[in-house]
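Quick mapping for you: the protein sequence lines, in order, are chains A and B. So for the first sequence, my numbering puts the first residue at 6; every next one is plus one. So for the second sequence, my numbering puts the first residue at 89; every next one is plus one. From the three backbone atoms N, C-alpha and C, an ideal C-beta is built for every residue, glycine too. Predicted model, so just to flag it, every value in this text is computed and none were measured. Working notes, beginning with the structure itself.
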Amino acid sequence: MQTTLRVRRFNPEHDQPSSYFQDYDLEVNPADSVLDGLIKVRETIDDSLALRCSCRGAICGSCGMRINGHAALACKTKMISVASEGETIQIEPMKNMPVIKDLITDMASFWSKIRQIQPWLQPQGPPPTTEYTAPPQAMQHLNRVMSCIMCGVCVSDCTVLEVDSQFIGPAALAKAYRFVADPRDAATRQRLENLNTPGGMWDCTRCMECIQACPKGVGPMDRIMSLRTKGMAAKIPATCGSRHAEVFTDIIKHKGILDEPMLAVRTFGLKHVGRLFEMIPMVFQSILKGKVPLSGPLHKPLTSIRHIQRLFKRARKKS
Amino acid sequence: MISSHSYDVLVIGAGLAGMRAALTAHEQGVSVAILTKVHPVRSHSNAAQGGINAALTDRGDKWEDHAFETVKGSDYLGDQDAIEVLAREAGQDIITLEHMGVIFNRQDDGRLGTRRFGGQKKARTFFVSDFTGQAMLHVLYEQIMQAKIPVFEEWFATSLVKDDHGRCAGLAAFEIRNGNFALFRAKAVIMASGGLGRVYEPTTNALICTGDGMALAYRAGAPLMDMEMVQYHPTTLKGKGLLITEAARGEGAYLLNSKGERFMEHYAPNMLELASRDVVSRAAQTEINEGRGIKGCVLLDCRHLGRQVIQERLGQIHEEAKTFANVDLIEEPLPIRPGMHYQMGGIKTDINGRCWDPDGHWKGLHGLFAAGETACVSLHGGNRLGANSLLDTIVFGRRAGCCSAEYVRNLPKLHVPDSAIASDRRLVQALLARTGQGERAAALRLEMGTTMNRHVAVFREQDGMNIAKQHIRDLQARWPGITIQDKGHVFNTGVIAALELGFMLDCAETIIAGALTRTESRGAHFRTDYLDREDDEWLKHILLYHTGTGTPHIEYLPVKITQWQPQMRVY
């Protein structure tokens, strides 16, 4: 099929470096990957096109880039899945990290965040003479998160990182989960406490982009949610994040519908009353637009609240 | 002003062998750094899918059985002292890896479980689903991070440097990110830079597997050994040649020809699909050549294994087959064919990773060590057993790290002048300065790969190999005419491609020289003009020394035999 690869180029050695798009017209086999296309460009049209690539089989994690706006591994993305005959495929470097040249990004901050979670097994005391015995299901469960190849694709598409570069990010959190869920690791509490800080596990907004982007089915956001659950179960000190989850559940349980002002007040409490004051301008704007919901006694529970409470009971029984 | 770095031990390559070597040397208290052309977790050790062999005595296995099957697998070309070390030390290393955090598959009782692999009667392959290499690589990198061992990531090595006494004393390299050269002074260099798969097209190997380490050592005067022993893996995907793990057959998958027959019954009536790789590859290629294939392939049938086994134990190839071949293993058989996979040969080392012989039986290079696929101890001889390569990296990476630490301890600082990097820098400058419509490295590489895959493959004979030899010489002559459009210094992948091609052409030269010299059939080296194994004449290794003329100087070393005399090899 005929396609055009529209690649965002950037050459730091230009006098005044700035990024621009360059089009490459190619005749490709529809089953070929986007990486095949880029390699073809590099080998037959323009050898200055810079990209990282190695295994061609979605295991080395080198070729993360944005294809038509979403991050993916170029080797795992078939041309035909992103373009029809004659269409253009737009290819850009990953987001949320600086670009070095063309499609090559600087992953230094990615790795420093990985190192932040102390990514190595920390067992209790000296090891036994043979292997650690561990439940097979628990180890099997780790397979999925251990499949992470550190390609950076989830970090590229993370919407929190877009506005807050301090967020530790989905990859590091998934890696942290790999240790928290490992029966051989003894630093669970410490790990959870370290993640219970600003920029940590409570800063994910559950937008699901990382789950969708991950080429290996690691499901970073699901891991983040599991970390939160484990943190609350381990009774690590409450934060606005964990209180938000608790209060949210409590309100739904009693009213069946969210009482938003109450959620804010109870989440922040007296301890973070300053955060509440920060919201005042927004409240005024909402009043002007007639969007302030009722709260407290004025906010009535749903009539079907008994039904909802039965659901809660059933859910509790199941877990 | 030349930038330079100085360490006791410098490791080239950050795959399993390199990282294990670095960790071990670090534990011994010497200063260590790693230099690698890609980030450590991008290394090709990732690609090992099936597992890692070890005979654990507390599981009723015997290291002698593992050793014997490795010797037999090697078609008696493996050195038995080295194989004994491999098999004897495997168990402890598996436990060490488990303690580091590798999430090996477990049995119901919570202890490590095993699966069967080719060429072995007992299930002694420990595994993590079907991404064992990746699972191990990431754990070793965790250990590197914990130990805070410096890693020079995305640095490209251009040559080994020597001191006045002719000892290896470091290396010249440039940082890919900016093109700046630096001199790395080291009392010992451990070469752990992996294989040379890209000499062939297609290959299961990653784009980075360009034989750099072998060529660097060869050019510096260390011998390469048994380079004719190139393994074709029986099950690779058509097209790009991606690997489909032997674990599929270990779990019970069948190989079928176009008539639906399990053709291995005719070639290896006892071990069937789990005969050694050279045997299965020859069988599959014979079926294809004799018209019982389907569009150049035979079929790998996993359907009877059932959904659960496929999803839990073969998840990665399940996904891979879907993505790259449009086949769901649960529903249909997968077309596969033999493809270039592994180099049994490599830089000659002793059982401690040294690329020289303290007893002086063969001439090598003092101060250079090697481990992993780039090295040839020789463990794998004429044919490597599946799941022995990961073991090789772990055991011999450790031994090289350990021995290098010992070696450097009482060694005074070596003297290498800053000017040692000058000629490499000039070479790169000349490459960049060349203008006009010269040839591209990629085009030459494709010619080389196609030629090698045609004439130095599963079946070989003299005339074809002579054609290949001539073609490689021709390509070597054309190499200086390569031009690169990109004149920049930042991530100039054109420069790297050209340098890598130079390395690969040297490797190809040795593969062909070895293959032409060995006038017999043994292991992966099957000559249609010399069908039999000739123990009287050829129970020996071929050592290849660089001469710069395109024809290596050849010497021989006897195979070390401890307890297993060569026998007929039947599976």
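Using a Cβ cut-off of 7 Å, pull out every chain A residue sitting near B:A223, in sequence order please. From the beta-carbon of B:A223, the residues of chain A found nearer than 7 Å are M151.
Can you list the residues of chain A that B:R194 reaches, using a CB-CB cut of under 7 Å? Near B:R194 (Cβ distances below 7 Å), the residues of chain A are A139, P141, M144.
Cβ pair B:I630, B:T605 closer than 7 Å: It is a contact, given that the beta carbons lie within the stated cut-off.
For B:H634, I'd like the list of residues in its chain whose CB is within less than 6 Å of its CB, leaving aside the five on either flank, ordered along the chain. Excluding five sequence positions before and after B:H634, the CB atoms of its chain that fall closer than 6 Å to its own CB belong to Y306, R307, given in chain order.
Starting from A:T93, trace the beta strand (DSSP E) in both directions and tell me its first and last residue. Taken as a continuous stretch (DSSP letters only), the beta strand (DSSP E) holding A:T93 covers 93-97.
List, from N- to C-terminal side, the alpha helix (DSSP H) runs of 4 residues or more that fit wholly inside the region 180-255 of chain A. Unbroken alpha helix (DSSP H) stretches of 4 residues or longer found wholly inside the region 180-255 of chain A: 193-200, 214-218, 225-238, given in chain order.
Which value, in whole angstroms, describes the spacing of the CA atoms of A:R196 and A:D208? Distance between the alpha carbons of A:R196 and A:D208 is about 16 Å.
For A:A55 versus A:K106, is the C-beta spacing smaller than 7 Å? Closer than 7 Å, so yes.
Here's a check: name, in chain order, each residue in its chain whose Cβ is nearer than 7 Å to the Cβ of B:H226, leaving out the five neighbours to either side. Answer for B:H226: V129, listed in chain order.
Give a yes or no on whether 7 Å exceeds the smallest Cβ distance from A:P132 to chain B. So, interface residue.
Less than 7 Å between C-beta atoms, sequence neighbours within five positions excluded: which residues of the same chain meet that for A:H146? Closer than 7 Å at the Cβ level, and outside the excluded window around A:H146, lie A186.
Along the chain, where does the beta strand (DSSP E) that runs through A:A77 open and close? 75-78 is the span of the beta strand (DSSP E), which, as asked, contains A:A77.
Neighbour list for B:R528 in chain A, Cβ cutoff strictly below 8 Å: Those within 8 Å of B:R528 in chain A are E48, T49, D52.
Contacts around A:P103, its chain only, beta-carbon distance under 6 Å, and the 5 residues preceding and following it disregarded: Only residues of its own chain outside the window of five on either side were considered, and among them D111 have a CB closer than 6 Å to the CB of A:P103, listed in chain order.
With a cut-off of 8 Å, do at least 3 Cβ pairs link the region 31-49 of chain A to the region 115-126 of chain A? Contact between the region 31-49 of chain A and the region 115-126 of chain A is absent, because fewer than three Cβ pairs lie under 8 Å.
State yes or no: is the C-beta of B:T298 within less than 7 Å of the C-beta of B:M107? No, these two residues do not count as a Cβ contact at 7 Å.
Inter-residue CB distance, B:E597 and B:P568 (contact presumed, cutoff 8 Å): For B:E597 against B:P568, the beta-carbon gap comes to about 16 Å, at or over 8 Å, which does not count as contact.
Residues of the region 257-280 of chain A in Cβ contact with chain B at a cutoff of 8 Å, in chain order, please. Of all residues in the region 257-280 of chain A, none comes within less than 8 Å of chain B when Cβ atoms are compared.
Amino acids of chain B, ordered along the chain, whose beta-carbon sits closer than 8 Å to that of A:I109: F579, listed in chain order.
When you compare the CB positions of B:A170 and B:I439, do they come within less than 7 Å of one another, or not? Yes, they are a contact pair.
At least one CB of chain B closer than 7 Å to the CB of A:K118: is that the case? It does not; no Cβ of chain B falls within 7 Å.
Endpoints, alpha helix (DSSP H) assigned at B:Y495: DSSP places B:Y495 inside the alpha helix (DSSP H), whose first and last residues are 476-497.
Minimum C-alpha distance to A:K83 - residue among A:Y25, A:L275, A:R61: Looking at the Cα atoms, A:R61 is the closest of the given residues.
What does A:N16 reach in chain B if we use C-beta pairs closer than 8 Å? G576, V578, listed in chain order.
The region 89-96 of chain B / the region 196-214 of chain B touching (three or more Cβ pairs under 8 Å): They do not touch, by the three-pair rule.
Quick one: give me the first and last residue of the alpha helix (DSSP H) that A:Q121 is part of. Residue range 113-121 is occupied by the alpha helix (DSSP H) that includes A:Q121.
Give a yes or no on whether the C-beta atoms belonging to B:Q515 and B:C256 are separated by under 7 Å. Checking the sequence, you will find Leu at residue 515 of chain B rather than Gln. No.
Start-to-end residues for the beta strand (DSSP E) that takes in B:K210: First-last for B:K210: undefined, no H or E at that position.
Using DSSP bridges, identify the partner residues of B:L343. Bridge partners of B:L343: B:L388.
With a cut-off of 8 Å on the beta carbons, I'd call A:S38 and A:A76 a contact; round off their distance for me. No, A:S38 and A:A76 are not in contact; Cβ-Cβ is about 15 Å, not under 8 Å.
Thinking C-beta only, is B:M317 closer than 7 Å to B:H701? Any question about residue 701 of chain B goes unanswered here, given that chain B covers just 89 to 659.
In this structure, what does DSSP give as the bridge partners for A:C159? DSSP output for A:C159 lists no bridge partner at all.
Output the boundary residues of the alpha helix (DSSP H) element that contains B:W567. Counting along the chain, B:W567 falls outside any alpha helix (DSSP H), and DSSP gives it neither H nor E.
Other residues of its chain near B:E289: CB distance less than 7 Å, five sequence neighbours each side excluded: For B:E289, the CB contacts under 7 Å within the same chain, skipping 5 residues up- and downstream, are L534, G537, T538, N541 in chain order.
Bounding residues of the beta strand (DSSP E) (the contiguous stretch that carries B:R442): DSSP places B:R442 in no beta strand (DSSP E); its state is neither H nor E.
Entirely within the region 260-306 of chain A and at least 4 residues each: give me those alpha helix (DSSP H) ranges in chain order. Segments of the alpha helix (DSSP H) lying fully in the region 260-306 of chain A: 265-273, 278-283, 285-293.
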